[in-house]
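First residue of the sequence shown? That's 1 in UniProt numbering, and the numbers climb one at a time after it.
Since the structure comes first, as C-alpha cells, the remarks are kept for the end.
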Amino acid sequence: MSQIEANSLSLGQVRDVINGRLVLGEQKEIQEVKNAYAAYESLSEINPYSIKDLKKFHGIMTKYLVEECGEFRHGEEGVFNGDECIFMAPPAQFVPQLMDELFEWMKKSRNSVHPLIMSSVFHYEFVFIHPFADGNGRMARLWHTAILSKWKHVFEFIPIESQIEKFQDEYYDAIVRCHVSGESTIFIEFMLSQIDRILEDISLQMNEENEQFSETVRKMLEIMEYDTPYTRKTLMEKLGLKSRDGFRRNYLQPALEMNLIQMTLPDKPNSRNQRYIKI
1 MSQIEANSLS LGQVRDVING RLVLGEQKEI QEVKNAYAAY ESLSEINPYS IKDLKKFHGI
61 MTKYLVEECG EFRHGEEGVF NGDECIFMAP PAQFVPQLMD ELFEWMKKSR NSVHPLIMSS
121 VFHYEFVFIH PFADGNGRMA RLWHTAILSK WKHVFEFIPI ESQIEKFQDE YYDAIVRCHV
181 SGESTIFIEF MLSQIDRILE DISLQMNEEN EQFSETVRKM LEIMEYDTPY TRKTLMEKLG
241 LKSRDGFRRN YLQPALEMNL IQMTLPDKPN SRNQRYIKI
C-alpha cells in the first residue's frame with residue numbers, strides 16, 4: 001500500500017538529521033529523511049531514461065525501509081489516499097514490460113515532447129503502474145524533478161514534493177479522473193498549474209528580497225562619497241550596525257553584486273587592507 005508519505009518530523013528536526021545531529025523520533029521517519037536527502041543530493045547523477053538508475057535510486061530512497069529495495073514488486077498493489085483505495089495497480093507480472101514500454105517511449109520522445117509534458121506523463125504513468133512495493137510516490141516525484149532538471153538546472157531546487165503535499169486531494173483527484181478517462185491530460189494540466197504556482201511564489205519572494213536589498217543598499221550608498229575608500233568597520237559604524245554577517249549579507253554583498261561598489265583589492269576579498277568605493 002502506498003500514499004503520499006506523511007513524515008511527522010518538524011523542519012528543524014529534518015535539518016538536524018541532515019546535519020548528523022541526534023534527533024528523537026521514529027527511526028523509520030529519520031531513515032526516510034536520510035534516504036531522501038541522499039537521493040536528492042545525487043540528483044545530478046541520475047539518467048532519467050535509465051531503468052537501471054530508477055532501481056538504483058529506489059534502493060537509495062528505501063534503504064533499510066523495505067524488503068524489495070531497488071527491485072520491482074512481486075505482489076499486488078493499489079494506490080491509496082489515506083484508507084481509500086483509488087485503484088488497483090496492474091498485476092506484478094506485467095510491471096517489467098510496462099516499465100520497459102514507458103522508458104522506451106521517453107527515449108524516443110525526448111527530442112519531440114517538451115520536458116514539462118514528458119515529466120508529467122511519466123509521473124502519471126509511473127503512479128498507475130506502481131512498479132515498487134513501496135516508495136512509489138517518492139520515486140515519482142524524484143524522477144519528475146530529475147527529468148526537469150536535465151532540461152533546466154534550476155528545477156533541482158523547485159519544491160515539487162512539498163507543492164504536491166499542499167494539494168494532495170487535487171493530486172489524487174487528477175489521478176482518478178485520468179484513470180477513468182484512460183489518458184493523462186488532466187494530470188498534465190494539474191502538474192503544470194502547480195509548477196506555475198511554485199514559480200510565481202519564487203518570483204514574488206525574489207521581488208521582496210530585491211526590494212529589501214534595494215533599501216539596505218540605498219542606505220549604505222547614501223553614507224558613502226564617490227571615489228572615497230571605506231573600511232568595513234567604518235561603514236558599519238556609519239550605519240549603526242554590529243553584526244558583521246548581517247552587514248555582509250544584507251548590505252555589502254548585494255551592493256557588490258549590483259556593481260554599485262567595488263573592492264580596492266578584488267583579488268584579496270578578505271584582506272585587512274580591503275576598502276570599498278562607491279562607483
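Note that CB positions come from ideal geometry on N, CA and C, so glycine has one too.
| request: Rank T62, P48 and I51 by C-alpha distance to the C-alpha of I30 and give the top, closest one. | output: Closest by C-alpha distance to I30, out of T62, P48 and I51, is T62.
| task | Give, in chain order, every unbroken run of the beta strand (DSSP E) that is at least 3 residues long and sits entirely within the UniProt domain "Fido" (49-193). | result | The UniProt domain "Fido" (49-193) contains these whole beta strand (DSSP E) runs: 78-81 and 84-88.
| field | CA-to-CA distance, L11 to F94, given in whole angstroms | value | Looking at the two C-alpha atoms, the distance is approximately 39 angstroms.
| request: Pull up the CB-CB distance for S149 and E156, whole angstroms please, since I reckon it's below 8 angstroms. | output: For a cut-off of 8 angstroms, the C-beta gap from S149 to E156 is around 4 angstroms, short enough to register as a contact.
| Could you give the uninterrupted runs of the beta strand (DSSP E) lying entirely in the segment 1-40, keeping only those of 3 residues or more? | Listed in chain order, the beta strand (DSSP E) runs fully inside the segment 1-40 amount to none, counting runs of at least 3 residues.
| message | For a quick check, are the C-beta atoms of L142 and A38 less than 7 angstroms apart? | response | Cβ distance not < 7 angstroms, so L142 and A38 don't count as in contact.
| task | Return the chain-ordered list of same chain residues with a C-beta closer than 8 angstroms to the C-beta of residue 296, the five sequence neighbours on each side being excluded. | result | In the structure as shown, the chain begins at 1 and stops at 279. Residue 296 is therefore absent and cannot be evaluated.
| task | Mind reading off the beta-carbon distance from A133 to R73? Whole number of angstroms is fine, and I expect it under 8 angstroms. | result | About 4 angstroms separates the two Cβ atoms, so the contact holds.
| query | From Y124 to F190, what distance separates their C-alpha atoms? | reply | Cα-Cα distance, rounded: 11 angstroms.
| Residue interval of the beta strand (DSSP E) (run including residue 280) | Given that the chain is displayed from residue 1 to residue 279, the structure contains no residue 280 and the question cannot be resolved.
| Do three or more CB pairs link the segment 223-235 to the segment 268-277 at distances below 8 angstroms? | The segment 223-235 makes contact with the segment 268-277, as at least three CB pairs between them are under 8 angstroms.
| request: Look at the Cβ atom of Q107, then the Cβ atom of Y49, and state whether they are nearer than 7 angstroms. | output: For clarity, residue 107 is Lys in the given sequence; the question names Gln instead. Yes. Within cutoff.
| task | Quick one: which unbroken beta strand (DSSP E) runs of 3-plus residues sit fully inside the segment 230-274? Chain order, please. | result | As far as the segment 230-274 is concerned, its whole beta strand (DSSP E) runs of at least 3 residues are 261-263.
| Who pairs with K278 in a beta bridge, going by DSSP? | Per the DSSP secondary-structure output, K278 pairs in a beta bridge with Y226 and I261.
| message | Assuming the contact rule is C-beta atoms closer than 8 angstroms, P90 and I129 should be a hit. Round their C-beta distance to whole Å, please. | response | Contact between P90 and I129 holds, since their C-beta atoms are separated by about 6 angstroms, short of 8 angstroms.
| message | On the criterion of 16 or more Cβ atoms from any shown chain inside 10 Å, does S2 qualify as buried, or is it exposed? | response | Legend: pLDDT at S2 = 40, less than 50; position of this residue unreliable, no value from coordinates given.
| field | Cβ separation of I198 and I147, assumed to be a contact under 8 angstroms, to the nearest whole Å | value | Contact doesn't hold; Cβ gap of about 16 angstroms is too wide.
| query | Do you know offhand how far H114's Cα is from S214's? | reply | Their backbone Cα atoms lie some 37 angstroms apart in a straight line.
| Cβ neighbour criterion (16 or more within 10 Å) applied to M88 | M88 is exposed by the Cβ-count criterion.
| task | Express the C-alpha separation of H144 and L116 in angstroms, rounding to a whole number. | result | If you take the alpha carbons of L116 and H144, they lie about 9 angstroms apart.
| message | Quick check on the burial criterion: 16 or more other C-beta atoms within 10 angstroms. Buried or exposed for P266? | response | Residue environment: P266 is assigned as exposed (fewer than 16 neighbouring CB atoms within 10 Å of its CB, all protein chains considered).
| Going by C-alpha distance, which of L65, V66, M118 and S203 is nearest L102? | Distance check between L102 and each of L65, V66, M118 and S203 places M118 closest, using alpha-carbon atoms only.
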